[in-house]
Amino acid sequence: MEETIILELAAAAIRTAFLVAAPALLLGLIVGVAISLFQAVTSIQDPTLSFIPKILAVMLVILVAFPWMISVMRDFTLELFTNLNYYVR
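Per the numbering used here, numbering of the sequence shown is gapless, rising by one per residue and ending at 111.
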């Protein structure tokens, strides 16, 4: 197996992982910033206040985007198995 093939596979795997994780992470970031802004404006300094909304938002986006996430991971796996003979040469 050549180094370029290994690097291409690693790059594709990392790209797929980022693509699948991005919606949940971005929504968690947005909700966290919004809650922090709300806490700063209202002078509420409770560190546990931001956990529940972030957890609920991430769970919601995972439930909504789960079929798409599975589709992306399935396509990557199918491409990997389809071209397996090319990779092991």
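Glycine included, each C-beta is placed from N, C-alpha and C at the ideal position.
Out of curiosity, what's the CA-to-CA distance linking Met95 and Leu59?
Your numbering for residue 95 matches position 73 in the sequence shown. Your numbering for residue 59 matches position 37 in the sequence shown. Rounded to whole angstroms, the gap between the alpha carbons of Met95 and Leu59 is 35 Å.
Helix, strand or coil: how does DSSP classify Ser58 here?
Locating residue 58 in the sequence shown gives position 36, counting from the first residue. Reduced to three states, the DSSP call for Ser58 is helix.
If you run the structure through DSSP and keep just helix, strand and coil, what is Glu24?
Here residue 24 corresponds to residue number 2 of the sequence shown, with the count starting at 1. Coil at Glu24, not helix or strand.
Check whether the region 51-58 and the region 73-90 touch, using three or more Cβ-Cβ pairs below 8 Å as the test.
Touching, yes.
Just to confirm, is the Cβ distance from Phe98 to Thr38 under 8 Å?
As a first step, residue 98 is located in the sequence shown; it is residue number 76 there, counting from the start. As a first step, residue 38 is located in the sequence shown; it is residue number 16 there, counting from the start. Yes, the pair counts as a contact, with Cβ atoms nearer than the cut-off.
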